[in-house]
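Below is one structure, written out as structure tokens, with a few remarks after it.
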Amino acid sequence: MTAKQKIFWLRLVTLVGLCLPALELGWRWATGALEPRPVTLATHATGDWAVIFLLLSLAMTPARALFDWTPLVHVRRRIGVAAALYALAHLLIYVLDQKWNLLVVATEILRRFYLTIGFVALVALLLLAITSTDGWQKRLKRGWKRLHWLVYPAAFLALIHFFIQSKVKIGEPAFAAGLFAWLMLWRALPVRLQKSFAGLALLAVGATAATVAFEATWYWLVNGIDPARVLAANLDPDLAFRPAQKVLIAALMIAAAVGLRRLALAANRLWTRRYIQSTISSP
Ligand code: HEM
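Position 19, counted from 1, in the sequence shown is what the working numbering calls 19; the numbers after and before it change by one each time, with no gaps.
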């Protein structure tokens, strides 16, 4: 397959993957599978997918470097735009829930802190999606990079919004925040460590510790729970999987996938060299 064909297929598979959650949700809504609370379930599903695609778009740069696979750069924008569109659908479903009363929606957004920061995150994501085109990149020149740096505070606000609305069940937002920590820490690593296994080990430890810290701080600030208890829960093998343990597993899986990819590339190089040698040496 030529490089052009590979990019075509990657773009197509990505597009299908980005549309599938919306199609599946639409199908379940239309067939009554979301009853008795279709609007609530749809609000939650679109919010979840917005966060998933936001994290995935942030994962494209490290993935490209770690897996040595340049075509990923061709789908990063698409995934970011999808995150913004799912977040917009999330707002529209919320507006539908308020019977399209925009005054109530605006008042609620101004009154409730978690909705205010969700709104700020959404505006930032939409701004980034609109200006993500080549045309805007040329028009804004150096300012484009500075503007697109907004994705980090937007993701941070979206995660805080996720935490607050989850109230006491913060397993999912804590896991998402741990993955976000991994992505941020990767960017903070010295370049020589970014592609090394030592760097990946540091990231696994750092992201896991950050997740415990998020979880402990949250329970301490919101519920007044002693952080030592959260720490103990993370070390207790009898308790259900904690978000930090999931983050650790995810970080180790990334390291294993990188190892496998490098083995495959090395085997491919060896095979190509042997093939060339055998064709040169054959009469
Ligand atoms: C004006 C903007 C927004 C509004 C009005 C809004 C509103 C809401 C509401 C009403 C909920 C459900 C709360 C509950 O059931 O108690 C929610 C949950 C959520 N929102 Fe938003 N949101 C906004 C922006 C965003 C953005 C930008 C993101 C992500 C990029 C996001 C991600 C989420 C997530 C992940 C959940 C939780 C879903 C779950 O629990 O499964 N929201 N939001």
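We put the beta carbon where it would ideally sit given N, CA and C, even for glycine.
Below 6 Å CB to CB, which residues in the same chain sit around residue 49 once its five sequence neighbours on both sides are set aside? Within the sequence shown, numbered from 1, the residue matching residue 49 stands at position 49. Hits under 6 Å: 21, 86.
Where do the N-terminal and C-terminal ends of the alpha helix (DSSP H) with residue 64 fall, by residue? Residue mapping note: residue 64 aligns to position 64 of the sequence shown, counting from 1. Here the alpha helix (DSSP H) through residue 64 covers 38-66.
By the three-class DSSP mapping on this structure, what secondary structure does residue 215 have? Residue numbering aside, residue 215 sits at position 215 when the sequence shown is read from its first letter. Of the three classes helix, strand and coil, the one that applies to residue 215 here is helix, per DSSP.
Which ranges would you report for the alpha helix (DSSP H) in the segment 156-224 if only whole runs of at least 4 residues count? 171-188, 191-194, 197-223
My output table needs one value for residue 243: the three-state DSSP class, helix, strand or coil. Taking the sequence shown and counting its residues from 1, the one referred to as residue 243 is at position 243. Three-state result, residue 243: helix.
Among the candidates 67, 220, 71, 40, whose CA atom is the shortest distance from the CA of residue 4? Taking the first residue of the sequence shown as position 1, residue 4 is located at position 4. When each option's Cα is compared against that of residue 4, the closest is 71.
Please classify residue 182: is it buried, with 16 or more other beta-carbons within 10 angstroms of its beta-carbon, or exposed? Here residue 182 corresponds to residue number 182 of the sequence shown, with the count starting at 1. Looking at its Cβ environment, which holds 16 or more other Cβ atoms inside 10 Å, residue 182 is buried.
On a Cα-Cα basis, can you pick out the residue from 172, 160, 81 that is closest to residue 127? Residue mapping note: residue 127 aligns to position 127 of the sequence shown, counting from 1. Of the listed residues, the one whose Cα sits closest to residue 127 is 81.
By the DSSP assignment, the alpha helix (DSSP H) with residue 139 in it spans what residues? Looking up residue 139 in the sequence shown gives position 139. That run of the alpha helix (DSSP H) goes 134-140.
For the alpha helix (DSSP H) containing residue 24, list its first residue and its last residue. Position 24 of the sequence shown, counted from the start, is the residue given in the question as residue 24. It spans 3-30 - the alpha helix (DSSP H) in which residue 24 sits, taken as one unbroken run.
If you measure from the CB of residue 148, is any heavy atom of the ligand HEM nearer than 7 Å? Taking the sequence shown and counting its residues from 1, the one referred to as residue 148 is at position 148. The answer is no for residue 148.
For residue 251, count the other beta carbons within 10 Å of its own beta carbon; 16 or more makes it buried, fewer makes it exposed. Which is it? By 1-based counting over the sequence shown, the position of residue 251 is 251. Buried, by the Cβ-count rule.
Looking at residue 132 and the ligand HEM, is the gap between the Cβ and the nearest heavy atom below 7 Å? Reading the sequence shown from its first residue, position 132 is the one you call residue 132. Incorrect: residue 132 has no Cβ contact closer than 7 Å to the ligand HEM.
Under the criterion of a Cβ to heavy atom distance below 7 Å, does residue 275 qualify as lining the ligand HEM? Here residue 275 refers to the residue found at position 275 when the sequence shown is read from its first residue. No, since every heavy atom of the ligand HEM falls outside the 7 Å radius drawn around the Cβ of residue 275.
For residue 174, tell me which candidate among 73, 51, 275, 101 has the shortest Cα-Cα distance. The count along the sequence shown starts at 1 and reaches residue 174 at position 174. Checked all of 73, 51, 275, 101; the closest Cα to residue 174 is 51.
So residue 228 is in the alpha helix (DSSP H); what residue range does that whole segment cover? The residue you call residue 228 lines up with position 228 of the sequence shown. Residue 228 -> alpha helix (DSSP H) spans 227-235.
Could you check where the alpha helix (DSSP H) with residue 87 kicks off and where it finishes? The residue given as residue 87 occupies position 87 in the sequence shown. Residue 87 -> alpha helix (DSSP H) spans 73-97.
Assign residue 113 to one of two classes, buried (16 or more other C-beta atoms within 10 Å of its C-beta) or exposed (fewer than that). Here residue 113 refers to the residue found at position 113 of the sequence shown. It counts as exposed.
Residue burial classification, residue 104 (beta-carbon count within 10 angstroms, cutoff 16): Along the sequence shown, one-based indexing puts residue 104 at 104. Residue 104 should be labelled exposed.
Nearest to residue 264 (by Cα), restricted to the options 170, 137, 69: For the purposes of this step, residue 264 is taken as the residue at position 264 of the sequence shown. The option with the nearest alpha carbon to residue 264 is 69.
Please indicate yes or no: does the CB of residue 165 lie closer than 7 Å to some heavy atom of the ligand HEM? Along the sequence shown, read from residue 1 onward, the residue named residue 165 stands at position 165. Answer for residue 165: yes, Cβ within range of the ligand HEM.
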